[in-house]
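**Student:** A single structure is presented below for examination.
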Amino acid sequence: MTDEESAVVMDRDEIDELLGTGGVGVLALAEENDPYAIPVSYGYDGDDVYLRLGFGEDSEKKQYLANSERVVLVVTNEGDLGWESTVVRGTLSEIPEASIDGTVVEAIRSIDIPFFTIYEEAPRELEYQLYRLHPDEITGRREKPPVGIE
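Residue numbers (my numbering): 50 to 199.
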């Protein structure tokens, strides 16, 4: 069985439901031919994805962010009817604290960005920055339900 036979393309409503108001995904960056992927928490407002990224003193992530013109966020879920995933491709831009206007604040308040940390440094020793991933492509696939179940 090929992927085409075992998967169904998700429509935008299904993708929006999967992305929900936030969760955890994998952010993929690249510097030339050197890929770099990290787990991140994110929030989604129906248009853009917001990422709160933490940086240690010698952050490899910062280097990849500076050199990645486009990024990819992959979000997966396994539910009662099987797996589903979405891929968000686009450009990532830093949201400077001084430029966070009421619209951005309102969007951020309406989303649930889970907090988790995987750093050796204490959270207070990290530098945090808010980023916006503006999608130029969002795709989704879900497992094809067994015959007779939809």
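The C-beta atom is built at its ideal place from N, Cα and C for all residues, glycine as well.
Could you name the residues that DSSP lists as bridge partners for R191?
**Tutor:** Its beta-bridge partners are V57 and E133.
**Student:** On the criterion of 16 or more Cβ atoms from any shown chain inside 10 Å, does D107 qualify as buried, or is it exposed?
**Tutor:** Looking at its Cβ environment, which holds fewer than 16 other Cβ atoms inside 10 Å, D107 is exposed.
**Student:** DSSP three-state label for N126, please.
**Tutor:** Looking at N126 - three-state DSSP - the assignment turns out to be strand.
**Student:** Alpha carbon to alpha carbon, what distance is there between S55 and R181?
**Tutor:** Using only the alpha carbons, I get a separation of about 33 Å.
**Student:** Relative to the C-alpha of R101, which candidate in S90, G95, N116 and E109 has its C-alpha closest?
**Tutor:** The shortest C-alpha separation from R101 is found at S90.
**Student:** So, using beta-carbon positions, are V137 and V75 closer together than 7 Å?
**Tutor:** No; because the gap between Cβ atoms is not below 7 Å, this pair is not in contact.
**Student:** Please report the straight-line C-alpha distance between E63 and G131, rounded to a whole angstrom.
**Tutor:** C-alpha separation (whole angstroms): 14 Å.
**Student:** With DSSP collapsed to three states, give me the class of D65.
**Tutor:** Three-state result, D65: helix.
**Student:** Give me the Cα-Cα distance between D65 and F104, rounded to the nearest whole angstrom.
**Tutor:** D65 and F104: Cα-Cα distance of roughly 29 Å.
**Student:** Report the rounded CA-to-CA distance for Q178 versus G139, giving the unit in angstroms.
**Tutor:** Between Q178 and G139, the C-alpha separation is close to 18 Å.
**Student:** Mind checking D94: buried by the 16 CB within 10 Å criterion, or exposed?
**Tutor:** Counting Cβ neighbours within 10 Å, D94 comes out buried, since at least 16 surround it.
**Student:** Which two residues bound the contiguous beta strand (DSSP E) that contains E80?
**Tutor:** Per DSSP, E80 belongs to the beta strand (DSSP E) from G71 to E80.
**Student:** Comparing alpha-carbon positions, which option in G92, Y99 and V121 lies nearest A79?
**Tutor:** Nearest option by C-alpha distance: V121.
**Student:** Can you give the beta carbon distance from E133 to R61, rounded, assuming they're within the 8 Å contact cut?
**Tutor:** Contact flag wrong, Cβ pair sits at about 14 Å.
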